[in-house]
Amino acid sequence: AQSVTQLDSHVSVSEGTPVLLRCNYSSSYSPSLFWYVQHPNKGLQLLLKYTSAATLVKGINGFEAEFKKSETSFHLTKPSAHMSDAAEYFCVVSGGYGGSQGNLIFGKGTKLSVKP
Amino acid sequence: ETGVTQSPTHLIKTRGQQVTLRCSSQSGHNTVSWYQQALGQGPQFIFQYYREEENGRGNFPPRFSGLQFPNYSSELNVNALELDDSALYLCASSLWGASIDNEQFFGPGTRLTVL
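Residue numbers (the working numbering), protein chains in the order written: chain A, 8 to 123; chain B, 244 to 358.
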């Protein structure tokens, strides 16, 4: 069965400093992995996705994530935090195999706070 | 914006009542999934509809049911509401078979409060 574990429930950084949000996954086959962001009172927005192509995935707004099979990790990073990055971030694994079938399995989320 | 719309935005019901939530898919998408997001938690998969039939279900009781219409819009129905049903309900649309990665596009959600 597939699962994800977000290692930090809350991360606080200063504006202009690097961001690291940690995620470990468990999957019985080569997974599809995603990071979604949720701003207050807004829907979920896809930041980036990994689908067994390049292990370093670049997303929107300067975010990127690296798939490390040996460590079963998919950590999200950004070189320099901006105030607008403050939000809830979810690491997600696809519960299905192939096509658009199956469910998405979400982590519990990491709340990112950005201090001026 | 994903093009997925949901109605209503907010809803207040009392315990024991029934509720219907609605979702319009992004243009060109034929698959709809519903998720429940309790306060402070990640979304949990309720079920998915494809070709107007349920195609996969999470760990939710039968009082959670759904419909998908020929235009691919969808409804989520919850009977005999319980206090724990209070949550943000998210609809996500996708195109079956379009990609191997199961990318889904989410609507803004319906906030349901059960008193």
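Yeah, the Cβ is synthetic: ideal placement off N, Cα and C, and Gly gets one too.
**Item:** Helix, strand or coil at residue 91(A) according to DSSP, with G and I counted as helix
**Value:** Helix at residue 91(A).
**For residue 285(B) and residue 272(B), the rounded distance between their alpha carbons** = Near 24 Å, if we compare the C-alpha coordinates of residue 285(B) and residue 272(B).
**Through-space distance from residue 293(B) to residue 101(A), alpha-carbon basis** = If you take the alpha carbons of residue 101(A) and residue 293(B), they lie about 17 Å apart.
**Asked** So with Cβ pairs under 8 Å, would you call residue 269(B) a contact of chain A?
**Response** Not closer than 8 Å to any Cβ of chain A, the Cβ of residue 269(B) fails to qualify, so no.
**Item:** Cα-Cα separation between residue 257(B) and residue 77(A), rounded to whole angstroms
**Value:** Between residue 257(B) and residue 77(A), the alpha-carbon positions lie close to 50 Å from each other.
**Item:** Cβ contact (3+ pairs, closer than 8 Å) linking the region 16-26 of chain A and the region 313-322 of chain B
**Value:** At 8 Å Cβ cutoff, the stretches do not touch.
**Item:** Alpha carbon of residue 20(A) to alpha carbon of residue 259(B), nearest angstrom
**Value:** As the crow flies, the alpha-carbon of residue 20(A) is around 44 Å from that of residue 259(B).
**Request:** Out of 94(A), 35(A) and 89(A), point me to the one whose CA is closest to residue 123(A)'s CA.
**Result:** The option with the nearest alpha carbon to residue 123(A) is 89(A).
**Through-space distance from residue 43(A) to residue 18(A), alpha-carbon basis** = Roughly 16 Å separates the two Cα atoms.
**Asked** With a cut-off of 8 Å, does the C-beta of residue 276(B) fall near any C-beta of chain A?
**Response** Taking 8 Å as the threshold, the shortest C-beta distance from residue 276(B) to chain A falls below it.
**Asked** Using a C-beta cutoff of 8 Å, does residue 50(A) count as contacting chain B?
**Response** So, interface residue.
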